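Chains A and B, in that order, give the protein sequences. For the first sequence, my numbering begins at 1262 and goes up steadily by one. For the second sequence, my numbering begins at 1262 and goes up steadily by one. Even for Gly, the Cβ is constructed at its ideal location relative to N, Cα and C. On a predicted model such as this, the values are computed, not experimentally measured, just so you know. Take a look at the structure below.
Number of protein chains: 2
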Amino acid sequence: MSDTQLGDNLLFLTDEQLRQGIEAMFFAYRGFTAAPDQLLEGTEYGRAHHRALHFIARVPGMKVSRLLTILGVTKQSLNRVLRSLIDDGLVESRVGLADKRERNLYLTEKGSALEAELSESQRKWVRSAYRKAGPEAVAGFRQVLEAMMDGEMRRVYGTLRDGGT
Amino acid sequence: MSDTQLGDNLLFLTDEQLRQGIEAMFFAYRGFTAAPDQLLEGTEYGRAHHRALHFIARVPGMKVSRLLTILGVTKQSLNRVLRSLIDDGLVESRVGLADKRERNLYLTEKGSALEAELSESQRKWVRSAYRKAGPEAVAGFRQVLEAMMDGEMRRVYGTLRDGGT
DNA sequence: CTTGGAAAGTCAACAAGCCTGACGTATTTT
DNA sequence: AAAATACGTCAGGCTTGTTGACTTTCCAAG
């Protein structure tokens, strides 16, 4: 953070600065996903399964349609992932009480165990980065990430924070 | 940023806080890649092509082996991407001067044009997020991202910043 | 009460992008 | 001359995403 970069609230947005931000995002995302990916490699599951497990753990009873919105994939794509998780007894799919078209998703004990393992490996990495950077940097990090979300995703993100069902 | 979260330098690293960071990273990355992805959809190119173009633009004359390290993919995978870019006249591959086994990669005018378009769309998004969050948040953002990189990637990232060839 | 549309989920087939393994060629190093 | 390096390619496989066509369920308008 030398000379010309800070100080002026506008001048730091040079194309060069932005390119560096873009590259940082690219490299950091790789580090971010490396730990769980490694845990999963060799198994029959991948990153898509991890994501599904994560959000079902986050909101037990999550509807398939909500998971679809969150993950931003087609229902056919999600279905394949969910199918294997259900068949393998990691996720339980219960017919909706009010509306029988809906399916409510829950982790089984086995599913919880895997999710916890994956989540812990990733949290460990993020925790370490947070510690290195310090609380103020983390606050800024979160602000920029939130600003970088697409509008709809910012809404979804908000409802997750507030434990929304 | 309410009550119990800040203030203590350790207490803010609850599992809940870390999970939120993980989700923020997930949603933000989607926003981050959306603009160039959209520009490319309908064409015969994808995100992999964009990444190659980006780094060749960044370091003209980039060797294939270096690009391989940066992108973290196999040469077979990169080759397919590079093949189409070269065949379509977006990238030029010149035999190395010092070592004739090497190939130095350059963007053609056509390649530069596409790269500029993709890059501008992405920079526009990042610039907007930076403006919303403010300079201090951006500094923190960059710090956390750097801490979140795998060690080798942090090195690579550094050499790119310093215009390293 | 029926009928027709919308919503939720499933099955099938296919594409993109990444992977491993094996091999070939040119060049450089030992 | 032999070994190592840099690059390219063929073959085959996996994961994750896509579209299209279908069933089941729900709800509302006639």
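Rounded to the nearest angstrom, what separates residue i and residue j at their Cα positions?
{"i": "residue 1381 (chain B)", "j": "residue 1361 (chain A)", "result": "47 Å"}
{"i": "residue 1376 (chain B)", "j": "residue 1310 (chain B)", "result": "10 Å"}
{"i": "residue 1392 (chain A)", "j": "residue 1304 (chain B)", "result": "43 Å"}
{"i": "residue 1290 (chain A)", "j": "residue 1340 (chain A)", "result": "26 Å"}
{"i": "residue 1421 (chain A)", "j": "residue 1365 (chain B)", "result": "47 Å"}
{"i": "residue 1338 (chain A)", "j": "residue 1416 (chain A)", "result": "23 Å"}
{"i": "residue 1419 (chain A)", "j": "residue 1349 (chain B)", "result": "44 Å"}
{"i": "residue 1408 (chain B)", "j": "residue 1374 (chain B)", "result": "33 Å"}
{"i": "residue 1414 (chain A)", "j": "residue 1345 (chain B)", "result": "34 Å"}
{"i": "residue 1386 (chain A)", "j": "residue 1284 (chain B)", "result": "14 Å"}
{"i": "residue 1336 (chain A)", "j": "residue 1406 (chain B)", "result": "32 Å"}
{"i": "residue 1282 (chain B)", "j": "residue 1390 (chain A)", "result": "11 Å"}
{"i": "residue 1423 (chain A)", "j": "residue 1306 (chain B)", "result": "39 Å"}
Does the distance from the CB of residue i to the CB of residue j come in under 8 Å?
{"i": "residue 1214 (chain A)", "j": "residue 1343 (chain A)", "result": "In this structure chain A extends from 1262 to 1426, so residue 1214 (chain A) is not present and cannot be described."}
{"i": "residue 1367 (chain B)", "j": "residue 1396 (chain B)", "result": "no"}
{"i": "residue 1404 (chain A)", "j": "residue 1296 (chain A)", "result": "no"}
{"i": "residue 1469 (chain B)", "j": "residue 1401 (chain A)", "result": "Residue 1469 (chain B) falls outside the range modelled here, since chain B spans only 1262 to 1426, and no answer is possible."}
{"i": "residue 1410 (chain A)", "j": "residue 1288 (chain B)", "result": "yes"}
{"i": "residue 1274 (chain A)", "j": "residue 1388 (chain B)", "result": "yes"}
{"i": "residue 1372 (chain B)", "j": "residue 1301 (chain B)", "result": "no"}
Using a 10 Å radius around the Cβ and a threshold of 16 neighbouring Cβ atoms, would you call residue i buried or exposed?
{"i": "residue 1398 (chain A)", "result": "buried"}
{"i": "residue 1370 (chain A)", "result": "exposed"}
{"i": "residue 1292 (chain A)", "result": "buried"}
{"i": "residue 1277 (chain A)", "result": "exposed"}
{"i": "residue 1442 (chain B)", "result": "Chain B is shown from 1262 up to 1426; residue 1442 (chain B) falls before or after that span and cannot be answered."}
{"i": "residue 1394 (chain B)", "result": "buried"}
{"i": "residue 1359 (chain A)", "result": "exposed"}
Taking 8 Å as the limit between beta carbons, can you name the residues of its chain near residue i, skipping five residues before and five after?
{"i": "residue 1363 (chain A)", "result": "1324, 1325, 1326, 1356 and 1357"}
{"i": "residue 1347 (chain A)", "result": "1353 and 1354"}
{"i": "residue 1312 (chain A)", "result": "1332"}
Using a Cβ-Cβ cut-off of 7 Å (strictly less than) and excluding sequence neighbours within five positions of residue i, which residues of its own chain qualify?
{"i": "residue 1294 (chain A)", "result": "1308"}
{"i": "residue 1316 (chain B)", "result": "1323, 1328 and 1331"}
{"i": "residue 1298 (chain A)", "result": "1308"}
Give every residue of the same chain whose Cβ lies closer than 6 Å to the Cβ of residue i, excluding the five residues on either side of it in the sequence, and list them in chain order.
{"i": "residue 1318 (chain A)", "result": "1368 and 1376"}
{"i": "residue 1263 (chain A)", "result": "In this prediction, residue 1263 (chain A) scores a pLDDT of 44, lower than 50, which makes its location untrustworthy; no coordinate-derived value is stated."}
My parser needs the alpha helix (DSSP H) runs of 4 or more residues fully inside the stretch 1326-1402 of chain A; what are they?
1336-1348 and 1370-1394
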